[in-house]
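Step one of this worksheet: look at the structure below.
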Amino acid sequence: DVKVTQSSRYLVKRTGEKVFLECVQDMDHENMFWYRQDPGLGLRLIYFSYDVKMKEKGDIPEGYSVSREKKERFSLILESASTNQTSMYLCASSYPPPTGELFFGEGSRLTVL
Amino acid sequence: GENVEQHPSTLSVQEGDSAVIKCTYSDSASNYFPWYKQELGKRPQLIIDIRSNVGEKKDQRIAVTLNKTAKHFSLHITETQPEDSAVYFCAASIQRNQGGKLIFGQGTELSVKP
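Those sequence lines, one after another, are chains A and B.
Numbering of the first sequence is given in our numbering, commencing with residue 986 and proceeding in unit increments.
Numbering of the second sequence is given in our numbering, commencing with residue 584 and proceeding in unit increments.
This is the structure in structure tokens:
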């Protein structure tokens, strides 16, 4: 079974704090993604990565950065958390095409006070 | 960039009825269209997908149709059951050698009443 593990299920942070969300996958997937899920807005892509040390911006990268030092680990960083970053964050991984199926982690619910 | 619109946002049907969810996409180069189901409190999971060289695909009670000319695709669920209640997301991507970013629709909350 593919396993995508997110380090924290629930986090509460203060405005201005630096926040790290960690994601690890055990299937040797090349591709990894960070999405943000908000009611009525669906899943919005923040950043993705095709390979180690490689990253590309998604649709809403502002206020976020990422790090991929090892193939199995993809980290999302909020340099200075703001209240509008309160959300559910979902990590996913996949093989390259033609397979393409995304395997999601359980999500990290972040509240910024 | 790619934009995916999904309708309706909520859908309520009686058990045994059919349900249809529709999506439109903006980038004509999109060539891969998956559908994900997210049950309450769980992670999204792929239920069916279709590639641009195919017009229709079926898997038991679910089917997906694709109209490339009109740039829309639909999910059809027949003989709905209470366990079909969930949020469904459509998505579109341009699959290249290294992968493609998957852009999701806004989601449809399907409720199947016994």
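Backbone N, C-alpha and C define an ideal beta-carbon position, used for all residues, glycine too.
Beta bridge counterpart(s) of residue i as assigned by DSSP
i, result
"asparagine 650 of chain B", "B:His655"
"glycine 1027 of chain A", "A:Asp1023"
"serine 1079 of chain A", "A:Asn1016"
"alanine 674 of chain B", "B:Phe687"
"lysine 669 of chain B", "Strictly speaking, residue 669 of chain B in this sequence is alanine, with lysine absent from that position. B:Leu693, per the DSSP bridge assignment."
DSSP state of residue i mapped onto helix, strand, coil
i, result
"aspartate 600 of chain B", "coil"
"aspartate 528 of chain B", "One cannot answer for residue 528 of chain B here, as it falls past the ends of chain B, which runs 584 to 697."
"aspartate 986 of chain A", "coil"
"threonine 607 of chain B", "strand"
"proline 528 of chain B", "The question about residue 528 of chain B has no answer, for chain B in this structure spans 584 to 697."
"glutamine 1070 of chain A", "helix"
"aspartate 1036 of chain A", "coil"
"aspartate 1011 of chain A", "coil"
"glutamate 1064 of chain A", "coil"
"isoleucine 630 of chain B", "strand"
"leucine 1087 of chain A", "coil"
7 Å CB neighbourhood of residue i in its chain, flanking five on each side removed
i, result
"lysine 684 of chain B", "Ser676"
Chain-order list of residues whose beta-carbon lies under 8 Å from that of residue i (same chain, five-residue window excluded)
i, result
"serine 694 of chain B", "Thr593, Leu594, Ser595, Val596, Ser668"
"leucine 1028 of chain A", "Tyr1020, Arg1021, Gln1022, Leu1075"
Contact set for residue i: own chain, Cβ-Cβ below 6 Å, skip 5 residues either direction
i, result
"methionine 1073 of chain A", "Gln1022, Gly1092, Arg1094"
"valine 670 of chain B", "Gln621, Gly690, Glu692"
CB of residue i within 8 Å of CB of residue j, strictly
i, j, result
"glutamine 991 of chain A", "glutamate 1002 of chain A", "no"
"valine 1051 of chain A", "serine 1034 of chain A", "yes"
"glycine 1085 of chain A", "leucine 1075 of chain A", "no"
"phenylalanine 687 of chain B", "phenylalanine 672 of chain B", "yes"
"lysine 1038 of chain A", "tyrosine 1032 of chain A", "no"
"arginine 644 of chain B", "threonine 661 of chain B", "yes"
* Determine which residues of the segment 626-639 of chain B have a Cβ less than 7 Å from any Cβ of chain A, and write them out in chain order. => Arg626, Pro627, Leu629
* Short-range partners of chain B found in the segment 989-1014 of chain A, where Cβ spacing is below 7 Å -> Per Cβ criterion, the list is empty.
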